[in-house]
Structure formats: structure tokens, C-alpha cells
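Structure first, then comments.
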Amino acid sequence: MPIVWREQMSVQNDLIDQDHRYLICLFNCLELALDRDDYLTLLPDFFQQLLDYTKSHFTREERIQLKMNYAKYMEHKQDHQSIIAEIEEINQKIQKCVNSSDPNIDFPVNADVLLLARKWVIDHILKADRDMIPLLKTLPRNFQG
Ligand SMILES: [Fe+2]
Ligand SMILES: [Fe+2]
7 MPIVWREQMS VQNDLIDQDH RYLICLFNCL ELALDRDDYL TLLPDFFQQL
57 LDYTKSHFTR EERIQLKMNY AKYMEHKQDH QSIIAEIEEI NQKIQKCVNS
107 SDPNIDFPVN ADVLLLARKW VIDHILKADR DMIPLLKTLP RNFQG
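Per our numbering: the sequence shown = residues 7 to 151.
See below:
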């Protein structure tokens, strides 16, 4: 089921919100791709996009956190690093799957992607990132760090 952006998901910062909207959009695209029979031809590019965009989003978010002296900066950065590690791990599985000469190769990629979506979007964007709200509320919405 697609994740639909709602105002309640806002962290009160335009740049971070915009990134989160785009990341949710990428996840919805991935989910749609997984429903197709030819998903293995689509997955590598979509997933690579997700990895690249997640990395650049984390860089922007951490820059904002540093500039506003966010107390949970280190803890939050570790969360980001573990998410990147998980995305990279799944990315490797996908590459292995795509490059395999065995047409019957079976990888639990779908389950991994959906589980990651839940963890990343629901747990991180909707929980951990929301801890920044009290501090972000004290700054202009267009604060970019
Ligand atoms: Fe974020
Ligand atoms: Fe974050």
C-alpha cells in the first residue's frame, strides 16, 4: 500500500520535509515495481536511486542538526549509518540476483525491501526525525543549516 504524505509527518523544516516526501515517493515506486513480473529489470536503478538520495538526504539533515546544536546528533547519525548499511546490503543482494545466470535464483528481495521501507519510513522519518521538531520550531521553516 502506498505511503501518502500527510502534514502530520512534517518536521517543521521545508528542506527536510521535501526530502522525506521524495523518499516516500521513491518507496512507493519501488513497491509498484515489485508487483511487476519484470521487477528485476527495474529494481537495480530504483534501488540505486534510493541509496543515493538517502545518502544525500542524511548529509543535509546532519548539517542542519550540527548547525542547530542538536543534542542527539551522534545517536541520530549512527541510526543513519545503520540504515545506509542495510540499504547497501539489500543493494548487493539485488545486484547478485540480477547478475546471476541462474534464471530460477530466488532471493527474498521483496520482503527485504518492504521491511526496510517500514523501518526507514515509519520508524525513522515518523519517529526519530520528529525529535528534532522542538528545536526546528524555533528556526525559520526555510533554515538550511
Ligand atoms: Fe530524515
Ligand atoms: Fe534522520
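Just so you know, even glycine gets a beta-carbon here, dropped at the ideal spot from N, CA and C.
None of the values given here were measured: they were computed from a predicted structure.
Scanning its chain for C-beta atoms nearer than 7 Å, with the 5 sequence neighbours on each side dropped, one finds around Lys83 the residues Glu68, in chain order.
About 7 Å separates the Cβ atoms of Val119 and Ile96, confirming a contact at the 8 Å cut-off. The nearest non-hydrogen atom of ligand 1 is 6 Å or more from the C-beta of Glu37.
Taking every protein chain shown into account, the CB of Gln98 has fewer than 16 other CB atoms within 10 angstroms, so this residue is exposed. Membership of Ser62 in the alpha helix (DSSP H) is indicated by the continuous run 45-73. Asp25: member of the alpha helix (DSSP H) spanning 20-40, first to last residue.
Per DSSP, the continuous alpha helix (DSSP H) segment holding Ser88 begins and ends at 79-105. Segment contact: the region 15-22 against the region 138-151, three or more CB-CB distances shorter than 8 Å; contact assigned. A distance below 7 Å separates the beta carbons of Val104 and Leu46. With 16 or more other Cβ atoms from the protein chains shown falling within 10 Å of its own Cβ, Met138 counts as buried. CA-CA distance, Pro140 to His26, rounds to 18 Å. In terms of side-chain proximity, the C-beta atom of Asp58 is found no nearer than 6 Å to any non-hydrogen atom of ligand 1.
Of Pro50, Lys102, Gln14, the smallest CA-CA separation from Arg136 is found for Gln14.
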